[in-house]
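Undergrad: Please find one structure pasted underneath; my questions will follow.
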Amino acid sequence: MLELMINDEIVTVDSARADTMLLPFLREHCDLTGTKEGCASGDCGACTVVIVESDPQHGLVHKNINACITPLYALHGKQVITVEYLRQPKQLHPVQQAVVDAHGSQCGFCTPGFVMSMYALSKQPDTVENPIGYLGGNLCRCTGYGPLIEAAKKIQQHSGDPIAEREPQVSQWIDSVSQLQASHYIAPQDRLQLAKARAQLPDAPFIAGGTDLSLIVTQQLQDIPALIDVSQVKELNTLERNESYLTLGAAVPLYKVHQAMKSLFPSTDELFDRLGSLAIRHRGTLGGSLAHASPIGDVAPLLISLNAEITLDNGQQRRSLAVEDFITDYRQTALRADEWIESIDIPYLSAKDRHAMYKISKRFEDDISTLTLGILIRPDTSGTIRECRISAGGIAAKTRRLTEIESLFIGQRLERPLIDQVKQQIASVINPLSDVRASADYRIKTMANLFERFYLEQQQIETRVVHYA
C-alpha cells in the first residue's frame, strides 16, 4: 500500500498503476487543480510542487520538483505541498504576497509553479547564493521575468512561514511510515533486495529520478506496467572521497553531485547549473543519465573527459569499466540483463591539469544540448602536453572521444599554432547531423570555436558572462 501526505492530509492508495504520475493524481483524484499541466515533460514548471522528506543531517528538507514526470509511488513516505496549502484565512502567504507586490502575475497560468519554486527557496536554511536559480525550470510567456526575479530576491528577506508550525507533525508521520509494499512497484533498500526484485520483475525498468524514463508515459503515451525504484538502495547512494578519486553512487541526485563536485572540479560548476533545472536535478541522477546513453546527454562527455570509471553490479559480483566503454551505440550500453549501475569513480585532477566543460544550447537553463565538449590536458613542468582527453556530445550516435584531435595536442605546447591546426581539422574529424537544434555546419564551426575559447581561457582571459540579473 502506498502512503503519502498531500498538504496536511494522509492519503493511502491501495491500487494504482506503477506509471501513474503525481500531476494527474493531484488534479483528478484530489481536486487540487492549482497545479497545472503545460508540457508534461518537465520543461515549463507549471506543475511545480514541493516535496518534504526527512534527512538524517538536516531534518525536514523542502525541494521543488516537476509533478508531471514524478511517479506517484516514488513519493511514498513523503509530504507533497501544492499551492493550495499556502492559502491563509485572511491574508496571502508571504511568498504569494511577494509575487503580488512585484506585479509578477499576468495571465496566471504559470503563477502557481513560480510560487512553489519560490516557496522551496524560502524554506532553505541558509541564504542561497543564487536565488534566481530556483526559477530556472519555470517559464513565463507574459512578464519578461523581471517582476518574478524581483519577487524571488525578496523571498529570502522575509522571515516566518505561517505553515511551519505544522512541521513537527509531518516529521513524526514520516518517521512512522513503513516500507512500501507493492508487487508492481518495488523499492529495495540494498543490493540483495535489488537483485531479488530484478529476479521477481525481470522485464521491469529501473527508475531513480524518472526525469527521462517518465517521458515514455507522458510523451509517447506508452504503459510501463512495473517498475523497480533504485533511489533508496544503500549502495547506490554512496558519496565518498578517498586519496585518489571521488565515488558517486548511481542514485545520488544531481543536485548533491553538483555540491560534491563544485569544490573538487570547479570546471564542472557551470555545466551542473545548466543541467536541466533545479527541479530536475532534485530528482535526476548520474546513473540514470548514463544508462539512457543519449548522444546529447550532458553527463557522459564530462565523465569521459575526466577518465571516470563505472562500477556495475548484479548482487553477486561487480565489474568496472571506463565510462567511454560503457556506452556502445545509440542509447545502447554494456549493461547485462541482470546488472545495474552502482557507482562512478572520478579521479582527482592535479594542480597542473587543465580541464574545461562546455555546453551549447538555445536556452541557458533547462534545455537539451546542441553540443557538448569536455577537454582535459596534462602538461609537464615545461608546459609540454603529455596527456589529453577530449570528448564530445551532439556529433554522433553516441558520445565520442576525439582521439584524432587528442593526438594533435600530445607533445605540443598550448599555443596559437596548435589551436589553429585543431580548428582546421575539426571538419574532417566530426560528421554531425542537421536537426531541429542546429545544422551540421553550425556544430562544426561551434566546435572549432570552443577550442578557441579553451585556449583563451587558459591565457586567463575572462570569456564567460554572468547571466543572472
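Numbering (full-length UniProt numbering), first residue to last: 1 to 469. All C-beta atoms, glycine included, are put in the ideal place defined by N, C-alpha and C.
Could you please give the first and the last residue of the uninterrupted beta strand (DSSP E) stretch that includes Ser-391?
TA: Run containing Ser-391: 385 to 393, per the beta strand (DSSP E) assignment.
Undergrad: Find out if the Cβ-Cβ distance for the pair Ile-52, Ile-149 is shorter than 9 Å.
TA: Just to set this straight, residue 52 is Val in the shown sequence, not Ile. The answer is no: Cβ separation not under 9 Å.
Undergrad: Which word fits Cys-107, buried or exposed, when buried means at least 16 other C-beta atoms lie within 10 angstroms of its C-beta?
TA: By the 10 Å Cβ count, Cys-107 comes out exposed.
Undergrad: For Pro-147 versus Ala-102, is the C-beta spacing smaller than 9 Å?
TA: Taking 9 Å as the Cβ cut-off, Pro-147 and Ala-102 qualify as a contacting pair.
Undergrad: May I ask you to verify whether the segment 72 to 85 touches the segment 44 to 63, counting CB pairs closer than 8 Å and requiring at least 3?
TA: Yes, they touch.
Undergrad: Spell out the partners DSSP gives Met-261 in its beta bridges.
TA: Partner(s): none; Met-261 has no beta bridge.
Undergrad: Could you round the C-beta distance between Lys-123 and His-58 to whole angstroms and report it? I think they count as a contact, below 8 Å.
TA: Not really, about 11 Å apart at Cβ, beyond 8 Å.
Undergrad: Along the chain, where does the alpha helix (DSSP H) that runs through Glu-270 open and close?
TA: Looking at the DSSP string, the run of the alpha helix (DSSP H) that includes Glu-270 is 269 to 274.
Undergrad: Identify which residue in Gln-332, Arg-336, Arg-331 and Asn-307 has its Cα closest to the Cα of Asp-313.
TA: Taking only the C-alpha atoms, the option nearest Asp-313 is Arg-336.
Undergrad: First and last residue of the beta strand (DSSP E) that includes Ala-356?
TA: Per DSSP, Ala-356 belongs to the beta strand (DSSP E) from 354 to 360.
Undergrad: Apart from the five residues on each side of it in sequence, which residues of its chain come closer than 6 Å, Cβ to Cβ, to Cys-44?
TA: For Cys-44, where only same-chain residues beyond five positions count, the Cβ hits under 6 Å are Gly-38 and Leu-139.
Undergrad: Taking Leu-254 as the reference, give the member of Asn-242, Arg-281, Ala-356 and Leu-246 with the closest Cα.
TA: Nearest option by C-alpha distance: Arg-281.
Undergrad: Can you tell me whether DSSP reads Ser-171 as helix, strand or coil?
TA: Residue state, collapsed to three classes: helix.
Undergrad: By Cβ distance below 8 Å, which residues in the same chain neighbour Tyr-348 in space, the five residues on each side in sequence not counted?
TA: Ser-244, Tyr-245, Leu-246 and Leu-264, listed in sequence order.
Undergrad: I want to know whether the segment 325 to 345 touches the segment 87 to 97 - three or more CB-CB distances under 8 Å.
TA: In short, these stretches do not touch, since the Cβ pair count stays below three.
Undergrad: Rounded to the nearest angstrom, what separates Ile-65 and Arg-283 at their Cα positions?
TA: Straight-line Cα distance between these residues: approximately 7 Å.
Undergrad: Exposed or buried, which one is Glu-309 when buried takes at least 16 other CB atoms within 10 Å?
TA: Label assigned to Glu-309: buried.
Undergrad: So Thr-12 is in the beta strand (DSSP E); what residue range does that whole segment cover?
TA: Element bounds for Thr-12: 9 to 13.
Undergrad: Roughly how many angstroms separate the alpha carbons of Leu-2 and Ala-164, rounded to a whole number?
TA: So the alpha carbons of these two residues sit roughly 25 Å apart.
Undergrad: For a test of the three-state rule: what should DSSP assign to Gln-78, helix, strand or coil?
TA: In the sequence under discussion, the amino acid at residue 78 is Lys, which differs from the Gln named in the question. Lys-78 falls in the coil class under three-state DSSP.
Undergrad: Looking only at C-alpha atoms, which of Leu-213, Ile-6 and Ala-440 sits nearest to Ala-370?
TA: Here the sequence assigns Thr to residue 370, which means Ala is not the residue at that position. Considering only alpha carbons, the answer is Ala-440.
Undergrad: Can you tell me which residues form a DSSP beta bridge with Ser-350?
TA: Looking at the DSSP assignment, Ser-350 forms no beta bridge with any residue, so it has no partner.
Undergrad: Answer yes or no: does any C-beta atom of chain D fall closer than 9 Å to that of Gly-133?
TA: The structure shown contains no chain D, having only a single protein chain.
Undergrad: Find the nearest neighbour of Asp-338 within the set Leu-201, Pro-168, Lys-153 and Leu-135, judged by alpha-carbon distance.
TA: Asp-338 has its Cα closest to that of Leu-201, out of Leu-201, Pro-168, Lys-153 and Leu-135.
Undergrad: Would you mind working out which of Glu-406, Arg-354, Ser-294 and Glu-365 sits nearest Leu-456, comparing C-alpha positions?
TA: When only C-alpha atoms are compared, the closest one is Arg-354.
Undergrad: Could you give the C-beta distance for Ile-344 and Leu-286, rounded to a whole number, given that I count them as a contact under 8 Å?
TA: That belief holds up - the Cβ atoms of Ile-344 and Leu-286 are roughly 6 Å apart, short of 8 Å.
Undergrad: Ordered along the chain, which non-local residues of its own chain (more than five positions away) have a Cβ less than 8 Å from that of Thr-12?
TA: These residues qualify, in order along the chain: Met-1, Leu-2 and Glu-3.
Undergrad: Whole angstroms are fine: how far does the CA of Asn-242 sit from the CA of Tyr-185?
TA: Taking the straight line from one Cα to the other gives about 35 Å.
Undergrad: Quick one: residues in its chain with C-beta nearer than 8 Å to the C-beta of Cys-402, no 5 flanking neighbours on either side, listed in chain order?
TA: One point to set straight first is that residue 402 is Leu, not Cys, in the sequence displayed. Counting only Cβ-Cβ distances below 8 Å, and skipping sequence neighbours, we find Ile-390, Ser-391, Ala-392, Val-429 and Ile-430.
Undergrad: Mind listing, in chain order, the continuous beta strand (DSSP E) runs of no fewer than 3 residues lying wholly within the segment 197 to 242?
TA: Counting only runs of 3 or more, we get 227 to 229 and 239 to 241.
Undergrad: From Asp-435 to Phe-272, what does the alpha carbon distance come to, in whole angstroms?
TA: Whole-angstrom Cα-Cα distance: 25 Å.
Undergrad: When burial is assigned at 16 or more other CB atoms within 10 Å of the CB, is Glu-129 buried or exposed?
TA: Looking at its Cβ environment, which holds fewer than 16 other Cβ atoms inside 10 Å, Glu-129 is exposed.
Undergrad: Of all the options Arg-378, Val-233, Glu-235 and Arg-198, which has the alpha carbon lying nearest to the alpha carbon of Ala-226?
TA: Residue Arg-198 is the option with its Cα nearest to Ala-226.
Undergrad: Provide the residue span of the beta strand (DSSP E) that contains Asp-55, from first to last.
TA: Where Asp-55 is concerned, the enclosing beta strand (DSSP E) stretches over 48 to 55.
Undergrad: Leaving out five residues before and five after Tyr-468 in sequence, what residues of the same chain have Cβ atoms less than 7 Å from its Cβ?
TA: Per-residue confidence for Tyr-468 stands at a pLDDT of 48, beneath the threshold of 50, marking its modelled position as unreliable; the derived number appears in the next sentence. So the qualifying residues of the chain are Asn-130 and Ile-132.
Undergrad: Could you tell me which uninterrupted beta strand (DSSP E) segments, each at least 3 residues in length, are contained entirely in the segment 291 to 358, listed from first to last along the chain?
TA: Listed in chain order, the complete beta strand (DSSP E) runs (minimum 3 residues) inside the segment 291 to 358 are 309 to 313, 318 to 322, 327 to 329 and 340 to 347.
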